[in-house]
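Chains as they are written, first to last, in my numbering: chain A, 2 to 277; chain B, 7 to 427.
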């Protein structure tokens, strides 16, 4: 093979860049293997007394096994993924293909909710869930995703459906499909890249959603991963950094698995949906 | 927290929200068990849970505990309170107390018959506003400094029994910095609003007017404070701002990393620092204007037990608070995790472990009790904002973006805008 200095240089540059990007992650993984007293006193990347004690401590120390929090988070994420892909695609189909009174106004309203900061609706929303007696249950995290409240995904899929030729609908109609049939047999299969994108982002955003879960959940056995992780830190007292880092590493695993498994499809989805 | 994801997830269609809101207000939440909420790190949560277990085994009413770290607790409590769903019994910090009491969200405990006879009078009265008692102190605390005496001795210094005067402290810090490589005589406390309160009182005025409507401490005193720490930084007796900016958590503090021989804080926090320092920490009064004059300091209950005004279980809530303050098992379970206990009885019960950091904290409070000045009124509404603002201004001065004079002016202006609303 011919010696190509420019290529080697480019690779070196890329490797250096990747290392810079990865450094915080590496640091966290290594810190999770250090005794608490060494985490901030030893700035290097080599653990001198590597130990797995933080993992054992973090898993147990809150009095509830960390597995319970992971289970709760997975449950909410699964619901969000199913809810968002089903209902947002259905809503998007209606906006993109069906004609009904007030379509444009409703579509505008829906887009407006994207621009509304969450803090504005927080109290009103909290009051609603309180009146429904849903505080300290998973419902406030689950039900909204089954009502297509995530306008961003609806918008994403509307744009996608608009790029599917209407002639396909017409052909299906000639073959006897009604609106439901067109949605199920034509739109849904062709929508799959957008559905995958929706599923992945629903998962990651829900997995990382700290604030809603903090506000609505209180009982220890109902807490989710982000809320439980915050419990390791408290500025007014001592923080269990080692346990925090160890459990953060554990928490990354599901996200990385989802990402690795669906990586190809995410890219395909992005290329198709214009989410470049 | 990623703000985008937050707004995305909590986004309900506006129309849907209003429609439901119009339909639903008629039905109210059914009253479940009494809810007990508090903030604090993990050890505090475990201790209070143990105390609640004692309450349960003594036949106390059913309850549901809720806990969160300090910062998150206030986000949650604010939402719950405005959503008319505040916990029945709640831990309240003096920093936010007037905000909540002033908005009528706390119950007047006067008629509920909580037994406070054994409590130190300053603490029992810490939550009194306009003659109404909205909260009962959980602890008797005072400001203090913790000194690593072994490190000071190794550097050839010594510690005065009653603490330093500010001048002597500056001298000490300068000398210490010279003697040990890579360390500083003191951490930089310019941003410490709570220590500044003591400094202000040493200069003759409380921080705030009696009714909390304005600042009473003079602009020149604020300037003098910022200047004092600026001089220490110039003399290398205190670290530069970038070092201070990184020493934000207890584990990262200069005393924990061996870069300074002392730290300031509320007296009970010595128990959080002690495990990180090898030799025992001596608890001392903070520096004084005149040697031995502790009138600037005060003893107060800065964390309170409160009952929310909308509580459906006020009697049980009151009983529980009485239990947590007076029952032997509860006192032992809590120990000094909420601060030095507010009654003689409790202090005697928990100080059993001789020469622990906790015992030293208790001894400190008992030692200075007769010498401190009168305790100030509850911190006024907007205190939290001033606390943050003071720190920000001190930081700007530390980074050279402001001078002590301009910083003092900025703070006076901020106080004018924030207080008395």
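Each residue gets a CB set at the ideal place from its N, CA and C atoms; glycine is no exception. Bear in mind that the values here come from a model prediction, so they are computed numbers and not experimental data.
Hey, how far is the Cα of residue i from the Cα of residue j?
i	j	result
residue 313/B	residue 153/A	41 Å
residue 183/A	residue 93/B	51 Å
residue 353/B	residue 89/B	39 Å
residue 256/B	residue 153/B	15 Å
residue 127/B	residue 211/B	22 Å
residue 125/A	residue 99/B	26 Å
residue 402/B	residue 227/B	18 Å
residue 69/B	residue 197/A	44 Å
residue 250/A	residue 30/A	6 Å
residue 157/A	residue 110/A	15 Å
residue 108/A	residue 148/A	15 Å
residue 185/A	residue 246/A	45 Å
residue 53/B	residue 330/B	11 Å
residue 19/A	residue 252/A	22 Å
residue 146/A	residue 103/B	37 Å
residue 113/B	residue 350/B	27 Å
residue 60/A	residue 78/A	21 Å
residue 213/A	residue 206/A	11 Å
residue 375/B	residue 299/B	13 Å
According to the neighbour-count rule (16 or more other Cβ atoms, all chains shown, within 10 Å of its Cβ), is residue i buried or exposed?
i	result
residue 39/B	exposed
residue 187/B	exposed
residue 407/B	exposed
residue 179/B	buried
residue 208/A	buried
residue 105/B	buried
residue 248/B	exposed
residue 234/B	buried
residue 49/A	exposed
residue 11/A	exposed
residue 264/A	exposed
So, helix, strand or coil for residue i, using DSSP?
i	result
residue 390/B	helix
residue 288/B	strand
residue 41/B	strand
residue 4/B	Not covered by the structure: residue 4/B. The range shown for chain B is 7 to 427.
residue 346/B	coil
residue 237/B	helix
residue 385/B	coil
residue 99/B	strand
residue 142/B	strand
residue 4/B	Summary: the structure shown does not reach residue 4/B, with chain B confined to residues 7 through 427, and so no result is reported for it.
residue 312/B	strand
residue 223/A	helix
residue 125/B	strand
residue 10/A	helix
residue 242/B	coil
residue 407/B	coil
residue 338/B	helix
residue 105/A	helix
Does any heavy atom of the ligand FMN sit closer than 8 Å to the C-beta of residue i?
i	result
residue 140/A	In terms of ligand content, the structure shown is empty, and the ligand FMN therefore cannot be addressed.
Can you pull the DSSP bridge partners for residue i?
i	result
residue 154/B	287/B
residue 88/A	According to DSSP, residue 88/A bridges with nothing at all.
residue 491/B	A question about residue 491/B goes unanswered here, because the residues of chain B that appear run from 7 up to 427.
residue 271/B	150/B
residue 221/B	214/B
residue 294/B	171/B
residue 159/B	Residue 159/B is not bridged to any residue.
residue 112/B	314/B
residue 306/B	147/B
Notebook entry, point to check: Below 8 Å, can you find three or more Cβ-Cβ pairs linking the stretch 69 to 80 of chain A to the stretch 42 to 56 of chain A?
Noted result: No contact exists between the stretch 69 to 80 of chain A and the stretch 42 to 56 of chain A.
Check: Is the stretch 376 to 386 of chain B touching the stretch 292 to 307 of chain B, taking contact as three or more C-beta pairs under 8 Å?
Finding: yes
Notebook entry, point to check: Does the stretch 331 to 341 of chain B touch the stretch 244 to 253 of chain B, meaning 3 or more C-beta pairs lie closer than 8 Å?
Noted result: Taking 8 Å as the limit for Cβ pairs, the verdict is that the stretch 331 to 341 of chain B does not touch the stretch 244 to 253 of chain B.
Next item on the list: Flag this pair as touching only if the stretch 211 to 219 of chain A and the stretch 136 to 152 of chain A have three or more C-beta atom pairs under 8 Å; answer yes or no.
Entry: The stretch 211 to 219 of chain A, when compared against the stretch 136 to 152 of chain A, does touch it at the 8 Å Cβ threshold.
Next item on the list: Answer yes if the stretch 224 to 232 of chain A comes into contact with the stretch 38 to 45 of chain A, meaning at least three C-beta pairs across the two stretches below 8 Å, and no otherwise.
Entry: no
Check: Is there contact between the stretch 188 to 200 of chain B and the stretch 385 to 405 of chain B, where contact requires at least three CB pairs shorter than 8 Å?
Finding: yes
Note to self: For the structure I just gave you, are there three or more beta carbon pairs, one from the stretch 93 to 100 of chain A and one from the stretch 181 to 199 of chain A, closer than 8 Å?
What the structure shows: Contact holds: three or more Cβ-Cβ distances are below 8 Å.
Note to self: Counting beta carbon pairs with one atom in the stretch 113 to 123 of chain A and one in the stretch 157 to 167 of chain A, are three or more of them shorter than 8 Å?
What the structure shows: no
Notebook entry, point to check: So, do the stretch 150 to 166 of chain B and the stretch 286 to 297 of chain B have three or more beta carbon pairs nearer to each other than 8 Å?
Noted result: yes
Next item on the list: Would you be able to state if there are at least three C-beta pairs under 8 Å between the stretch 319 to 326 of chain B and the stretch 155 to 169 of chain B?
Entry: no
Check: Do the stretch 340 to 348 of chain B and the stretch 356 to 370 of chain B touch if we need at least three Cβ pairs shorter than 8 Å?
Finding: yes
Check: With contact counted as at least three CB pairs below 8 Å, one residue from each stretch, are the stretch 113 to 130 of chain B and the stretch 65 to 81 of chain B in contact?
Finding: no
Item checked: Cβ pair count under 8 Å reaching 3, the stretch 411 to 420 of chain B against the stretch 215 to 227 of chain B -> yes
Item checked: Cβ contact (3+ pairs, closer than 8 Å) linking the stretch 263 to 274 of chain B and the stretch 205 to 219 of chain B -> no
Item checked: Touching by the beta-carbon criterion (3+ pairs, under 8 Å), the stretch 290 to 299 of chain B and the stretch 138 to 152 of chain B -> yes
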